[in-house]
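Chemist: Chains as they are written, first to last, in this note's numbering: chain A, 192 to 517; chain B, 108 to 465.
Mind looking over this structure? Questions follow.
Structure follows, in structure tokens:
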């Protein structure tokens, strides 16, 4: 087990190095650099003398070839130093730390809701297979699965904020957030998070429910289910104790696949809802050519993805006694 | 009894799969939707536009609407005679004997139709709600949304097919080599697949797009294709691992057939059915990515009547609900149709599901 873990972590580190190397090469070849983009945005009359430019380039390490700069970045990373954001003049680690919580708030809660809801829904669909209610629910879920989250986000904004005015349009907190009591603050964040969390959740919920159902359909045809029925186990007992437990295995491995999708979704959804998370920071930092921030975020995104995959493999051994890593 | 043997050929795999696919109404209606979209995409200049589909001008027949497909296909005579894209008035003024048949809807996807351009039709108001002239309303500069959507259909379809075509070529090649040759080739290629899978898709696509100075819709398709092949590669690899052990591969090898010929002539044919399924789902995903990128403002540059660009306009202008509703529904329907086709294919070609239905 320990040796398996060590091997997996080593592979993950190599993968991370390769990913960041490729992304670093890519972003350094994006036309325009942080200095020119910054100048163009602030004031066209405030032009930079060549000497000043040289000086700035030296400070930000832009004067060196990108492979050397990448080596420096890795070197700093080993000393747990992610560098300084160029456009925001703050340490990247602090920027990301501030943004991590809002993103996790959305993605983790959506993952939890998905898992809590998909199992009863999937089981209900299996048990009621063929009835009108089941057909309606299955069709509805299938349609939801095909509905792009950014379209749903716009529809929801249009309906719940613009037309009905029930929920705030965007952002994470209201303007008078600081003056609120603790309960008021929680309620405020909850109101703001409701729409984005719903958009994060419904797609994976539909997918997972269908997944539970198709696995259940396969399992209920197995011999041991027939045996259980034959010896007089109640229908609930058959579904819950005998059939469902065996569908857990593939369900657990889905976590590894869902995480990258959630993080990719964060880029678009956070943009729509002006949610102060990592996705919108990534978007802004690409626009500002803020190399250190882009690199820091790429690292965090990829590391979370790899972590999800590792977690899925480990959980696999937990739920399936046939699988051991020794 | 004459002893005549029935020599009718048994139906092949594809004919049988088509038979099963055709028998189910849901995937079939999805297929009809996609075919309908393709027809709309091809006939877009005849459905909505301000250039005549066919017209007689100074004694000759012209087809100016072809200019919507490609600018140079619009006959240069109209540039020389300074039509400035205003056909009805100029045709009448410069040649009283001329006649023209206009598209079904006289609206342009790139510009606002003004007052008096054509008889009996008032000009477009900016931000107009859906009405008799602007079926789906207009955007903030008064351009008709219906015309933009009709002309944007080709982008949605092209993105799906071209990017998944690229992804299929890369994925099948990588997967085939990894699965067929095994050993170190498999190790290297499998690592490569994992590497690409681990980068969040949008992160990679945004970085790649930013590198290109003036990204066009073709660049976008190539980039989506180059990032979305991993699922196809993994499936191809698994199929090849399974199929290369079969007798017909050994037989082909005994006959002296080369490795590449075995891979692509013998093994791939038998692996194609399961590979088609992720490709179909991939088309839906590619359409999603393109509209998402256009929506974020990272798509092809304007003037590009992509559905995602319209959605973006709706986002900045929330009171114009028609800018959100109609393109949103179009994207949703297209994605739904491809997903249904993918599912239908899966059920029609999977031998396990086939037996369970009997």
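Positions of the beta carbon are idealized from the N, C-alpha and C atoms, including for glycine.
Quick caveat, the model's predicted, so the values are computed rather than measured.
Going by DSSP, what residue range makes up the beta strand (DSSP E) through residue 164 of chain B?
Modeler: The residue given as residue 164 of chain B occupies position 57 in the second chain. 161 to 164 is the span of the beta strand (DSSP E), which, as asked, contains residue 164 of chain B.
Chemist: Considering just the uninterrupted stretch of the beta strand (DSSP E) at residue 357 of chain A, what are its terminal residues?
Modeler: Translated into positions along the first chain, residue 357 of chain A becomes position 166. Counting along the chain, residue 357 of chain A sits inside no beta strand (DSSP E), nor does DSSP assign it H or E at all.
Chemist: Below 6 Å CB to CB, which residues in the same chain sit around residue 287 of chain B once its five sequence neighbours on both sides are set aside?
Modeler: Residue mapping note: residue 287 of chain B aligns to position 180 of the second chain, counting from 1. 347, 351 and 370, listed in sequence order.
Chemist: So residue 414 of chain B is in the beta strand (DSSP E); what residue range does that whole segment cover?
Modeler: Along the second chain, read from residue 1 onward, the residue named residue 414 of chain B stands at position 307. Counting along the chain, residue 414 of chain B falls outside any beta strand (DSSP E), though it belongs to the alpha helix (DSSP H) covering 414 to 423.
Chemist: Would you say residue 278 of chain A and residue 388 of chain A are within 8 Å of each other, going by their C-beta atoms?
Modeler: Counting from one through the first chain, the residue named residue 278 of chain A turns up at place 87. Counting from one through the first chain, the residue named residue 388 of chain A turns up at place 197. No, they are not a contact pair.
Chemist: Assuming residue 341 of chain B is part of the alpha helix (DSSP H), what are its boundary residues?
Modeler: Position 234 of the second chain, counted from the start, is the residue given in the question as residue 341 of chain B. Here the alpha helix (DSSP H) through residue 341 of chain B covers 337 to 350.
Chemist: May I ask you to list the residues that DSSP assigns as paired with residue 212 of chain B?
Modeler: The sequence position of residue 212 of chain B within the second chain is 105, counting from 1. Beta-bridge pairing links residue 212 of chain B to B/155.
Chemist: Using a Cβ-Cβ distance under 8 Å, would residue 441 of chain A count as near chain B?
Modeler: On the first chain, residue 441 of chain A is found 250 positions in, with the first residue counted as 1. Not an interface residue.
Chemist: Could you have a look at residue 275 of chain A and say whether DSSP puts it in helix, strand or coil?
Modeler: For the purposes of this step, residue 275 of chain A is taken as residue 84 along the first chain, with counting starting at 1. DSSP places residue 275 of chain A in strand when its eight states are reduced to three.
Chemist: Which one of A/465, A/466 and A/496 has the shortest CA to CA distance from residue 200 of chain A?
Modeler: In the first chain, residue 200 of chain A corresponds to position 9, counting from 1. Comparing Cα-Cα distances from residue 200 of chain A to each of A/465, A/466 and A/496, the minimum goes to A/496.
Chemist: Applying the criterion that 16 or more other CB atoms from any shown protein chain within 10 Å of the CB defines a buried residue, is residue 307 of chain A buried or exposed?
Modeler: If you number the first chain from 1, residue 307 of chain A lands on position 116. By the neighbour-count rule (16 or more Cβ atoms within 10 Å), residue 307 of chain A is not buried but exposed.
Chemist: Does the beta carbon of residue 275 of chain A sit closer than 8 Å to a beta carbon anywhere in chain B?
Modeler: As a working note, residue 275 of chain A is residue 84 in the first chain. Answer no: the Cβ-Cβ gap between residue 275 of chain A and chain B never drops below 8 Å.
Chemist: Does the stretch 413 to 423 of chain B come close enough to the stretch 255 to 275 of chain B to have 3 or more Cβ pairs within less than 8 Å?
Modeler: yes
Chemist: Could you check whether the stretch 176 to 191 of chain B touches the stretch 224 to 231 of chain B, counting it as contact only if at least three pairs of C-beta atoms, one from each stretch, sit closer than 8 Å?
Modeler: no
Chemist: Please list, in chain order, the chain A residues whose beta carbon lies closer than 7 Å to that of residue 305 of chain B.
Modeler: What you label residue 305 of chain B is simply residue 198 of the second chain in a count that begins at 1. The contacting residues are 206, 210, 493, 496 and 497.
Chemist: Specify the secondary structure class of residue 108 of chain B as computed by DSSP and reduced to three states.
Modeler: Counted from its first residue, the second chain places residue 108 of chain B at position 1. Caution applies to residue 108 of chain B, whose pLDDT of 48 falls short of 50 and renders its modelled position unreliable; the value that the coordinates give is listed next. Annotated three-state conformation of residue 108 of chain B is coil, per DSSP.
Chemist: To the nearest angstrom, report how far apart residue 428 of chain A and residue 322 of chain A are at their CA atoms.
Modeler: One-based indexing of the first chain puts residue 428 of chain A at position 237. One-based indexing of the first chain puts residue 322 of chain A at position 131. Between the alpha carbons of residue 428 of chain A and residue 322 of chain A lies a distance of about 21 Å.
Chemist: Kindly indicate which three-state DSSP category residue 514 of chain A falls into: helix, strand or coil?
Modeler: Taking the first chain and counting its residues from 1, one reaches residue 514 of chain A at position 323. DSSP places residue 514 of chain A in coil when its eight states are reduced to three.
Chemist: By the three-class DSSP mapping on this structure, what secondary structure does residue 464 of chain A have?
Modeler: Position 273 of the first chain holds residue 464 of chain A. Coil at residue 464 of chain A, not helix or strand.
Chemist: So is residue 425 of chain B in contact with chain A if we call contact Cβ pairs under 8 Å?
Modeler: In the second chain, counting from the first residue as 1, residue 425 of chain B sits at position 318. True, the Cβ-Cβ gap to chain A drops below 8 Å.
Chemist: Check whether the stretch 419 to 426 of chain B and the stretch 321 to 338 of chain B are in contact - that is, three or more C-beta pairs closer than 8 Å.
Modeler: no
Chemist: Please confirm if the stretch 386 to 405 of chain A is in contact with the stretch 371 to 378 of chain A, defined as three or more CB-CB distances below 8 Å between the two stretches.
Modeler: The stretch 386 to 405 of chain A vs the stretch 371 to 378 of chain A: no contact.
Chemist: Can you give me the Cβ contacts of residue 438 of chain B inside the same chain, cut-off strictly under 6 Å, excluding the 5 residues immediately before and after it?
Modeler: Numbered from its first residue, the second chain carries residue 438 of chain B at position 331. Answer for residue 438 of chain B: 398 and 414, listed in chain order.
Chemist: Which residues in the same chain as residue 210 of chain B place their Cβ atom closer than 7 Å to its Cβ, once the five residues preceding and following it in sequence are excluded?
Modeler: Taking the second chain and counting its residues from 1, one reaches residue 210 of chain B at position 103. Closer than 7 Å at Cβ, skipping near neighbours: 152, 153, 154, 155, 156, 160 and 172.
Chemist: To the nearest angstrom, how far is it from the Cα of residue 337 of chain B to the Cα of residue 241 of chain B?
Modeler: Position 230 of the second chain, counting from 1, holds the residue named residue 337 of chain B. Position 134 of the second chain, counting from 1, holds the residue named residue 241 of chain B. Distance from the CA of residue 337 of chain B to the CA of residue 241 of chain B, rounded to the nearest whole angstrom, comes to 43 Å.
Chemist: Under three-state DSSP, which class holds residue 194 of chain B?
Modeler: Counting from 1 along the second chain, the entry for residue 194 of chain B is found at position 87. Residue 194 of chain B carries a helical assignment under DSSP once its states are collapsed to helix, strand and coil.
Chemist: Anything in chain B within Cβ reach of residue 217 of chain A, meaning under 7 Å, just list it in chain order.
Modeler: In the first chain, the residue the question calls residue 217 of chain A occupies position 26. Simply 314, 315 and 318.
Chemist: Which value, in whole angstroms, describes the spacing of the CA atoms of residue 328 of chain B and residue 445 of chain B?
Modeler: What you label residue 328 of chain B is simply residue 221 of the second chain in a count that begins at 1. What you label residue 445 of chain B is simply residue 338 of the second chain in a count that begins at 1. Whole-angstrom Cα-Cα distance: 18 Å.
Chemist: Any chance the stretch 249 to 261 of chain A sits against the stretch 448 to 460 of chain A, with 3 or more Cβ pairs inside 8 Å?
Modeler: no
Chemist: Which chain A residues sit within Cβ distance under 8 Å of residue 406 of chain B?
Modeler: Start at 1 with the first residue of the second chain, and residue 406 of chain B comes out as number 299. Within chain A, no residue comes near residue 406 of chain B; the closest Cβ sits about 13 Å away, beyond 8 Å.
Chemist: If we ignore side chains and look at the alpha-carbon of each, how far apart do residue 347 of chain A and residue 274 of chain B end up?
Modeler: Start at 1 with the first residue of the first chain, and residue 347 of chain A comes out as number 156. Start at 1 with the first residue of the second chain, and residue 274 of chain B comes out as number 167. Rounded to the nearest angstrom, the two C-alpha atoms are 33 Å apart.
Chemist: List, from N- to C-terminal side, the alpha helix (DSSP H) runs of 4 residues or more that fit wholly inside the stretch 238 to 307 of chain A.
Modeler: 241 to 251 and 257 to 269
Chemist: Helix, strand or coil: which one does DSSP assign to residue 207 of chain B?
Modeler: Position 100 of the second chain, counting from 1, holds the residue named residue 207 of chain B. Three-state result, residue 207 of chain B: strand.
Chemist: For residue 320 of chain A, name the three-state secondary structure that DSSP assigns.
Modeler: The sequence position of residue 320 of chain A within the first chain is 129, counting from 1. Three-state DSSP puts residue 320 of chain A in coil, outside helix and strand.
Chemist: Excluding five sequence neighbours on each side, which residues of the same chain lie with their C-beta closer than 6 Å to the C-beta of residue 338 of chain A?
Modeler: Along the first chain, one-based indexing puts residue 338 of chain A at 147. Nothing listed; no residue qualifies.
Chemist: Are the beta-carbon atoms of residue 293 of chain A and residue 487 of chain A separated by less than 8 Å?
Modeler: Taking the first chain and counting its residues from 1, one reaches residue 293 of chain A at position 102. Taking the first chain and counting its residues from 1, one reaches residue 487 of chain A at position 296. In this structure, residue 487 of chain A does not lie closer than 8 Å to residue 293 of chain A by Cβ.
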